[in-house]
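Here's the structure we're looking at; comments come further down.
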Amino acid sequence: MKILVAVKRVVDYNVKVRIKPDGSDVDIVGVKMGINPFDENAIEEAIRLKEKGLATEVIAVSLGGSANQDVLRHALAMGADRAILIETDVDLQPLVVAKLLKAIVEREKPDLILLGKQAIDDDAGQTGQMLAALLDYPQGTFASAIEIEANTLTVTREVDGGTETLALTLPAVVTADLRLNEPRFVKLPNLMMARKKPIEAINVTALGIAIEPRLKLIQVAEPAVRKAGIKVGSVEELLNKLRTHEGILV
Ligand code: AMP
Numbered sequence: 006m007k008i009l010v011a012v013k014r015v016v017d018y019n020v021k022v023r024i025k026p027d028g029s030d031v032d033i034v035g036v037k038m039g040i041n042p043f044d045e046n047a048i049e050e051a052i053r054l055k056e057k058g059l060a061t062e063v064i065a066v067s068l069g070g071s072a073n074q075d076v077l078r079h080a081l082a083m084g085a086d087r088a089i090l091i092e093t094d095v096d097l098q099p100l101v102v103a104k105l106l107k108a109i110v111e112r113e114k115p116d117l118i119l120l121g122k123q124a125i126d127d128d129a130g131q132t133g134q135m136l137a138a139l140l141d142y143p144q145g146t147f148a149s150a151i152e153i154e155a156n157t158l159t160v161t162r163e164v165d166g167g168t169e170t171l172a173l174t175l176p177a178v179v180t181a182d183l184r185l186n187e188p189r190f191v192k193l194p195n196l197m198m199a200r201k202k203p204i205e206a207i208n209v210t211a212l213g214i215a216i217e218p219r220l221k222l223i224q225v226a227e228p229a230v231r232k233a234g235i236k237v238g239s240v241e242e243l244l245n246k247l248r249t250h251e252g253i254l255v
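Residue numbers (this note's numbering): 6 to 255.
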């Protein structure tokens, strides 16, 4: 079984993002970048399936500038076998990413396609669903556990008030939630070894898909600053304020 995993390069999740002074976008100049956290879960799951003898090859794919090689190296250091970089400097929106991934799926013919449930930069949470629709494959989104038996994939999803279990026939698209697993720590020797693994670069134009953005980003703004809290002198005073809403939750 072949597994394709999509990994996006995003602002590191520990970084407090800055907004450009004109509010046109987030300022990423000089900012630490890294693999999208949910995509790290997706890679981890693919490698675990390989280690269990259920997968034969894990291919990581990333779309973006040449700097995306770093997240692909990270995936290779975790244990992916090879990597593909779809190169472009155009800012890609989820539908375009889904169309480009479809082209790679048609070429590589994986049995399972793993993505993160959302990218922490655009928070779109759309690419996996769109890819499944374009391919007409079954999808299991926000997976917190997966199991494979023969040609059937069982996906556990966390939904409001409990869990939902789905049975999908492969090939299928699955998007990973953080609870799916705990990604392994990447050690320096593995990063060094990953340098020897191949990264195939494909210029986006070779895939013949229109990549122009359809949506225009109008403005980015900081969240509203929260008002300072207040201290109450006693439980009674607190209860009174809660009852009357005075000075609370405003
Ligand atoms: P989104 O729909 O933008 O929230 O992204 C959901 C998932 O799609 C991500 O977690 C990635 O697995 C995948 N994805 C989105 N954009 C890219 C990209 N440029 N390169 C690789 N994977 C991507």
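For each residue, glycine too, the CB sits at the ideal point set by N, CA and C. In this text the structure is predicted, and so the values were computed from the model without any measurement.
Point to revise | Minimum C-alpha distance to V191 - residue among K21, D128, S29, G39 | key: G39
**Study point:** Close-in-space but distant-in-sequence residues of the same chain around E50 (CB under 7 Å, 5 per side omitted)
**Key:** L119, I151, A181, L185, N186
Practice item. Confirm the yes/no value for this check: CB of D116, any heavy atom of ligand 1, distance under 6 Å. Key: no
Review point. What separation, rounded to the nearest whole angstrom, lies between the Cα atoms of I128 and F43?
Key: For clarity, residue 128 is Asp in the given sequence; the question names Ile instead. The straight-line gap from Cα to Cα measures roughly 11 Å.
Review point. Y18: buried (16+ other C-beta within 10 angstroms of its C-beta) or exposed?
Key: exposed
Exercise for review: Reducing DSSP to helix, strand and coil, say where D75 ends up.
Suggested key: helix
Review point. Could you give the residue range of the beta strand (DSSP E) that holds M198?
Key: Not the beta strand (DSSP E): M198 falls in the alpha helix (DSSP H), residues 193–199.
Review point. Expressed to the nearest angstrom, what Euclidean distance is found between the alpha-carbon atoms of H79 and I223?
Key: 33 Å
Practice item. Can you tell me the Cβ-Cβ gap for I52 and A85, rounded? I've got them flagged as a contact below 8 Å. Key: 7 Å
Point to revise | Residue interval of the beta strand (DSSP E) (run including L206) | key: Checking the displayed sequence, the identity of residue 206 turns out to be Ala instead of Leu. Note, A206: beta strand (DSSP E), 204–208.
Practice item. From the DSSP output, in three-state form, read off K7 for me. Key: strand
**Study point:** Backbone CA spacing between T132 and T249 [nearest angstrom]
**Key:** 45 Å
Review point. Does the segment 62–80 come within contact of the segment 162–178, defined as at least 3 CB pairs closer than 8 Å?
Key: no
Practice item. With a floor of 4 residues, list each alpha helix (DSSP H) that falls wholly inside the segment 27–98, ordered by position along the chain. Key: 42–56, 74–83
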